[in-house]
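Notes follow once the structure below has been shown.
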Amino acid sequence: DTAVSQTPKYLVTQMGNDKSIKCEQNLGHDTMYWYKQDSKKFLKIMFSYNNKELIINETVPNRFSPKSPDKAHLNLHINSLELGDSAVYFCASSQGSLVSNEQFFGPGTRLTVL
Amino acid sequence: KNQVEQSPQSLIILEGKNCTLQCNYTVSPFSNLRWYKQDTGRGPVSLTIMTFSENTKSNGRYTATLDADTKQSSLHITASQLSDSASYICVVSARYSSASKIIFGSGTRLSIRP
Chain X
1 DTAVSQTPKY LVTQMGNDKS IKCEQNLGHD TMYWYKQDSK KFLKIMFSYN
51 NKELIINETV PNRFSPKSPD KAHLNLHINS LELGDSAVYF CASSQGSLVS
101 NEQFFGPGTR LTVL
Chain U
115 KNQVEQSPQS LIILEGKNCT LQCNYTVSPF SNLRWYKQDT GRGPVSLTIM
165 TFSENTKSNG RYTATLDADT KQSSLHITAS QLSDSASYIC VVSARYSSAS
215 KIIFGSGTRL SIRP
């Protein structure tokens, strides 16, 4: 009965590869997010989609491309992976604005780039 | 510059004791402040959310306070339990006329010892 799920949980890959992380929420929320948590544990928002439309796009390399096929899914595709991309990536969702409403986070995907 | 600073960085206490975590922020214009609990290997879970007009909010053994004048918040944990071992993250939101921003603190790592 998972509310926000992500796959895979762990991802180990070589520099230069392209990889995707998938996220799905079954809460009926209209807004989804991707966050990056680095080794110092800072969480930083990367993208936010509302009803499949991009509404927040922080300063993120264009190697990162989010895709929202429907409002229950927000996938993250990363091209030409670099060592600095190693982090834990969290998907989240909320009903309405991220400022006013509670966010529910997925379990995270630990990405390791070798 | 919008910042959220938490102290201490880490804290170890004995089971059954109380503790207080601090959060200072310079985010403006202030919209709300949240405290999240993040267990190791999991996504953050919301504990409390407070707007400008709220001074205190409780969630079981967790009580958050907010002083919007001094831009400080605290999270008090009463009668700590082993399951309270986690990182506690303070998050402050700002709402501008055409956008919004959410800033995460780096968290306080709390360890409860039996």
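Protein chains in written order, with the numbering used here: chain X, 1 to 114; chain U, 115 to 228.
Backbone N, C-alpha and C define an ideal beta-carbon position, used for all residues, glycine too.
Rounded to the nearest whole angstrom, the C-alpha separation of U/Q120 and X/G16 is 36 Å. A direct Cα-to-Cα measurement between X/T59 and U/P228 gives close to 44 Å. Here X/Q6 is buried, its C-beta having at least 16 other C-beta atoms within 10 Å. Here the segment 183-198 of chain U makes contact with the segment 130-139 of chain U; the two share three or more CB pairs at distances below 8 Å. Straight-line measurement puts the Cα of U/V118 at about 22 Å from the Cα of U/S199.
With a threshold of 16 other beta carbon atoms within 10 Å, X/N26 falls short and is exposed.
Per DSSP, the beta-bridge partners of U/T134 are U/H190. Nearest to X/A92 by C-alpha distance, out of X/M32, X/K67, X/R63, is X/M32.
Following the DSSP letters along the chain, one finds X/K40 in no beta strand (DSSP E), marked with neither H nor E.
Exposed is the label assigned to U/E129, since fewer than 16 other Cβ atoms lie within 10 Å of its Cβ. Under the 10 Å beta carbon count, U/V205 is surrounded by 16 or more other beta carbons and is classified as buried.
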